[in-house]
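Q:
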Amino acid sequence: MSVLVTGAAGFIGYHVCEALLNRGEQVVGIDNLNDYYEVALKEARLARLQGRNGFSFHRADIADADGLKAAVAGAGVDRIVHLAAQAGVRYSLSNPQAYVHSNLVGHVNVLELARGVADLKHLVYASSSSVYGGNTKLPFSTADRVDQPISLYAATKRADELVSYTYSHLFRLPTTGLRFFTVYGPWGRPDMSLFIFTRAIEAGEPIPVFNHGDLRRDFTYIDDIASGVLAALDHPPAGGEGVAPYRLYNIGNNRPVEVMRLIELLEQELGKKASVNFLPMQPGDVRETYADIDDIRRDLGFAPTTRIEEGVRRFVAWYRGYYGARP
40 MSVLVTGAAG FIGYHVCEAL LNRGEQVVGI DNLNDYYEVA LKEARLARLQ GRNGFSFHRA
100 DIADADGLKA AVAGAGVDRI VHLAAQAGVR YSLSNPQAYV HSNLVGHVNV LELARGVADL
160 KHLVYASSSS VYGGNTKLPF STADRVDQPI SLYAATKRAD ELVSYTYSHL FRLPTTGLRF
220 FTVYGPWGRP DMSLFIFTRA IEAGEPIPVF NHGDLRRDFT YIDDIASGVL AALDHPPAGG
280 EGVAPYRLYN IGNNRPVEVM RLIELLEQEL GKKASVNFLP MQPGDVRETY ADIDDIRRDL
340 GFAPTTRIEE GVRRFVAWYR GYYGARP
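Quick note, the sequence shown lines up with residues 40 to 366 if you use the working numbering.
1. From what residue to what residue does the beta strand (DSSP E) around Pro245 run?
2. DSSP state of Phe219, grouped into three classes?
3. In three-state DSSP terms, what is Glu280?
4. Please report how far the alpha carbon of Glu297 lies from the alpha carbon of Gly243, in whole angstroms.
5. So, at 7 Å on beta carbons, what are the nonlocal neighbours of Phe234 in its own chain, with the 5 sequence-adjacent residues on each side left out?
6. To the nearest angstrom, how far is the alpha carbon of Ser266 from that of Arg353?
7. For a minimum of 4 consecutive residues, which ranges assigned as the alpha helix (DSSP H) are wholly contained in the stretch 50 to 95?
8. With a threshold of 8 Å on Cβ separation, who are the neighbours of Met40 within its own chain once the five nearest residues in sequence on each side are excluded?
9. Note down, in chain order, each residue of its chain lying with its Cβ closer than 8 Å to the Cβ of Tyr355, except the 5 sequence neighbours on either side.
10. Assess contact between the stretch 316 to 325 and the stretch 245 to 252, defined as three or more Cβ pairs (one per stretch) separated by less than 8 Å. Is contact present?
11. Tell me, please, which residues DSSP counts as bridged to Ala330.
12. Would you identify the three-state DSSP class for Leu209, choosing helix, strand or coil?
13. In its own chain, which residues sit with a C-beta less than 6 Å from the C-beta of Leu162, not counting the 5 before and 5 after it?
14. From Ala198 to Asn61, what distance separates their C-alpha atoms?
15. Going by DSSP in three states, Ala165 sits in which element: helix, strand or coil?
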């Protein structure tokens with residue numbers, strides 16, 4: 040049997056595929072390779088996977104229900120890790136239809152696909168810490184209210200959680216949602232702060248820092264994230280009489296870091312001083328994120344181990360290795 044991974048050429052998807060392959064799983068990857076950020080980076084991730092035994096890939100858009108079904112026909116899928124989505128808080132301000140297309144239509148298509156798989160063991164899907172909106176109570180807990188999203192991206196991710204619960208309730212479909220907190224590391228996304236800052240410092244350009252530097256993020260290293268995704272996949276919720284087989288977890292580092300501290304670490308690793316351009320708070324953004332991970336630690340044994348100093352060192356080493364050979 041095999042695991043379907045949507046968004047396989049994406050940052051988290053690539054690492055999850057590698058982790059699954061490393062333990063001997065058969066993996067079917069799907070991605071539409073859109074141009075939200077540089078396609079060459081997605082293709083480079085994908086090339087590393089396509090050389091692995093047990094991996095097959097189909098270029099497909101999850102918003103195309105027929106194409107999605109055709110891509111997995113006969114693949115023997117019994118578990119799904121659904122990571123494909125239109126990402127980015129700021130991009131949602133100017134391109135709302137992209138989020139409806141991928142995060143709403145695409146998510147329902149994946150749920151329908153899962154419903155049609157006989158004896159599906161588990162569907163794990165990506166949510167986001169963005170669902171907490173302007174909450175000021177810290178750390179963020181899955182018990183907190185999340186009915187006031189401050190970006191369209193956050194609203195689509197909260198909608199995904201609600202629709203997933205409905206499918207779990209109506210069709211006894213085992214689903215687990217993971218609210219990711221600021222994932223970073225090698226092969227990361229160019230629209231994320233660590234990537235943006237590194238690129239600017241290397242080029243001698245100013246770094247845009249919002250809210251005049253008064254920002255904290257629960258930066259979570261990619262290897263810890265991949266381990267948590269696999270732990271979730273291996274433990275489907277059972278549900279019970281009157282209880283849907285549905286779980287929702289925060290998956291973060293549980294150690295918020297000041298953004299200015301991140302810049303200091305990058306300066307140390309790059310050996311260059313940053314030029315900082317302080318800006319007001321960006322619409323849709325929040326001052327601080329901080330994950331309460333008590334539930335996932337108790338239920339799944341999730342224990343992030345990578346400190347920000349080590350994570351930044353590994354990212355910079357990858358960045359210089361990758362872009363040293365590419366324009």
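We put the CB at the ideal spot given by N, CA and C, even for glycine.
Note that the coordinates shown come from a computational prediction; the quantities given were computed from them, not determined experimentally.
A: Well, looking at it:
1. Position 206 of the sequence shown holds residue 245. Here the beta strand (DSSP E) through Pro245 covers Pro245 to Val248.
2. In the sequence shown, counting from the first residue as 1, residue 219 sits at position 180. Note: Phe219 maps to strand in three-state DSSP.
3. Numbered from its first residue, the sequence shown carries residue 280 at position 241. Here Glu280 sits in coil by DSSP.
4. Locating residue 297 in the sequence shown gives position 258, counting from the first residue. Locating residue 243 in the sequence shown gives position 204, counting from the first residue. Rounded to the nearest angstrom, the two C-alpha atoms are 22 Å apart.
5. Walking along the sequence shown from the start, residue 234 turns up at place 195. Excluding positions up to five away in sequence, the list reads Gly227 and Arg228.
6. Here residue 266 refers to the residue found at position 227 of the sequence shown. Here residue 353 refers to the residue found at position 314 of the sequence shown. Each residue's alpha carbon lies about 17 Å from the other.
7. As far as the stretch 50 to 95 is concerned, its whole alpha helix (DSSP H) runs of at least 4 residues are 50 to 61 and 78 to 89.
8. Along the sequence shown, read from residue 1 onward, the residue named residue 40 stands at position 1. Hits under 8 Å: Gln65, Gly115, Val116, Asp117 and Arg118.
9. Here residue 355 refers to the residue found at position 316 when the sequence shown is read from its first residue. What sits at residue 355 in the sequence shown is Val, not Tyr. Excluding sequence neighbours, Val355 sits near Thr237, Leu305, Glu308 and Leu309.
10. Judged by Cβ distances under 8 Å, the stretch 316 to 325 makes contact with the stretch 245 to 252, as three or more pairs qualify.
11. Indexing the sequence shown from 1 puts residue 330 at position 291. When DSSP reads this structure, Ala330 sits in a beta bridge with Phe179.
12. Residue 209 sits at position 170 when you count from the first residue of the sequence shown. Here Leu209 sits in helix by DSSP.
13. Looking up residue 162 in the sequence shown gives position 123. By the criterion of a C-beta distance shorter than 6 Å, Leu162 is surrounded in its chain by Ile119, Ala153 and Thr214, once the five residues flanking it on both sides are discounted.
14. If you number the sequence shown from 1, residue 198 lands on position 159. If you number the sequence shown from 1, residue 61 lands on position 22. Approximately 33 Å between the Cα atoms of the pair.
15. Sequence index remark: in the sequence shown, residue 165 carries index 126 (1-based). Of the three classes helix, strand and coil, the one that applies to Ala165 here is strand, per DSSP.
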